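Engineer: When we follow the working numbering, the leftmost residue of the sequence shown carries the number 6, and every step to the right adds one.
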Amino acid sequence: MHTIFVTGTAGSGKTLLTSRLLEWYHNNDVSPISINLDPGVSSLPYDPDIDVREFIDFYSIMDDYKLGPNGSLVLANDLISTKIDEIQTQVQELNPDYIIIDTPGQIELFAFRSSGPYFVSNFYSDSKVTLFTIDGTLAISPISFVSLMFLSQSVRLRLNIPQINVLTKRDKIIEQLAEILNWSNSITSLQDSLNLEKDSEQSLLGKDIIKTLYKSGNMLSPIAVSNLTMNGMINLTAALSRILTQGEEEQKHE
Numbered sequence: 006m007h008t009i010f011v012t013g014t015a016g017s018g019k020t021l022l023t024s025r026l027l028e029w030y031h032n033n034d035v036s037p038i039s040i041n042l043d044p045g046v047s048s049l050p051y052d053p054d055i056d057v058r059e060f061i062d063f064y065s066i067m068d069d070y071k072l073g074p075n076g077s078l079v080l081a082n083d084l085i086s087t088k089i090d091e092i093q094t095q096v097q098e099l100n101p102d103y104i105i106i107d108t109p110g111q112i113e114l115f116a117f118r119s120s121g122p123y124f125v126s127n128f129y130s131d132s133k134v135t136l137f138t139i140d141g142t143l144a145i146s147p148i149s150f151v152s153l154m155f156l157s158q159s160v161r162l163r164l165n166i167p168q169i170n171v172l173t174k175r176d177k178i179i180e181q182l183a184e185i186l187n188w189s190n191s192i193t194s195l196q197d198s199l200n201l202e203k204d205s206e207q208s209l210l211g212k213d214i215i216k217t218l219y220k221s222g223n224m225l226s227p228i229a230v231s232n233l234t235m236n237g238m239i240n241l242t243a244a245l246s247r248i249l250t251q252g253e254e255e256q257k258h259e
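(1) From this set, I40, F63, F60, D62, which residue's C-alpha is nearest D52's C-alpha?
(2) Starting from G13, trace the beta strand (DSSP E) in both directions and tell me its first and last residue.
(3) Should P263 go down as buried or exposed, given a rule of 16 or more other Cβ atoms within 10 Å for buried?
(4) In chain order, which continuous runs of the beta strand (DSSP E) of length 3 or greater are located wholly inside the stretch 61-120?
(5) From D131 to D102, what does the alpha carbon distance come to, in whole angstroms?
(6) Quick check: what's the CA-CA separation for H31 versus T20?
(7) Which same chain residues end up closer than 7 Å to F150 when comparing Cβ atoms and leaving out the 5 residues on each side of it in sequence?
(8) Comparing C-alpha positions only, which one of S36, S24, Y64, V125 sits nearest to K88?
(9) Rounded to whole angstroms, what is the Cα-Cα separation between K203 and P227?
(10) Check whether the stretch 211-221 and the stretch 166-182 are in contact - that is, three or more C-beta pairs closer than 8 Å.
(11) CB-CB under 7 Å to M238, same chain, minus the five flanking residues each way: which ones, in chain order?
(12) Let me make sure I understand the geometry here. Which of R58, Y64, Q93 has the alpha-carbon closest to that of N127?
(13) Could you please give the first and the last residue of the uninterrupted alpha helix (DSSP H) stretch that includes G150?
(14) Would a C-beta distance cut-off of 7 Å place G141 and L99 closer than the cut-off?
(15) Starting from I38, trace the beta strand (DSSP E) both ways and give me its first and last residue.
(16) What does the alpha-carbon distance come out to for the pair G13 and G45?
(17) Leaving out five residues before and five after Q168 in sequence, what residues of the same chain have Cβ atoms less than 8 Å from its Cβ?
(18) Over the uninterrupted beta strand (DSSP E) stretch that includes N232, give me the two end residues.
(19) Taking 7 Å as the cut-off, decide whether the C-beta atoms of N236 and R175 are in contact.
(20) Looking at C-alpha atoms only, which residue of S120, Q196, D107, N223 is the closest neighbour of D213?
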């Protein structure tokens, strides 16, 4: 069994990407299951095989602990780690090839509190990888691109497993796509774009950040994907195969 944790900021396309990955694997004769780890989500574009909402009632937490929505979400997400054994048991019964885990919409609740990294490290799987979704409509600004790449590296450090950056909403940024991808491969190109920023302090800070990311070898070039057209899904699943199965699935479908 191989596990894919789908992470990213709110609105970046995590849940729809989860749905598309499920569709892709089903259509390619691979057995996947989905796990929804967001106790506060109201609706999903897929039917989760395992749903944390069956174990944690967000609205009961609000009533029982007299908390507002934000406080209830914090507590609900912290309780996820206490349900790992029940979730693991259900996974073993289903015995899938791939486990696609849709994480909470608020990335800070999963990646930056202790419960999220605990769940990732203690969840049994033959191999694991994180997908960090980057909203393509936000990444068209060089300053925003730098901040998103920095956040990506922060998540990678917290979860401490291999990671793939996914640039979502590809279909909405076709004209800017080549430039955005070039920023992740050429520090000179990104620095030139940052030099055009009106705020000089932001520009200097951005250049300092990317120098550190490039120097450390952690400037992970994103794979551009459209959750609407499925464009880029071949590249993404091939990258997943190389990490999770050393390319076995990739070779199977060539």
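Just so it is clear, CB atoms sit at the ideal spot from N, CA and C, and this is done for glycine as well. Since this is a predicted model, take the numbers as computed values, not measurements.
Structural biologist: Answer, in terms of the structure:
(1) I40
(2) 7-13
(3) This structure cannot settle anything about residue 263, because the visible part of the chain is limited to 6 through 259.
(4) 103-107
(5) D131 and D102: Cα-Cα distance of roughly 10 Å.
(6) 17 Å
(7) A144, I185, W188
(8) V125
(9) 26 Å
(10) no
(11) R25, W29, V230
(12) Comparing Cα-Cα distances from N127 to each of R58, Y64, Q93, the minimum goes to Q93.
(13) Per the sequence shown, residue 150 should be read as Phe rather than Gly. Taken as a continuous stretch (DSSP letters only), the alpha helix (DSSP H) holding F150 covers 147-164.
(14) Taking 7 Å as the Cβ cut-off, G141 and L99 do not qualify as a contacting pair.
(15) 37-41
(16) 16 Å
(17) Counting only Cβ-Cβ distances below 8 Å, and skipping sequence neighbours, we find V134, T135, L136, F137, S157, V160, R161, L225.
(18) Taken as a continuous stretch (DSSP letters only), N232 belongs to no beta strand (DSSP E), as it is neither H nor E.
(19) yes
(20) Among S120, Q196, D107, N223, the Cα nearest to that of D213 is on Q196.
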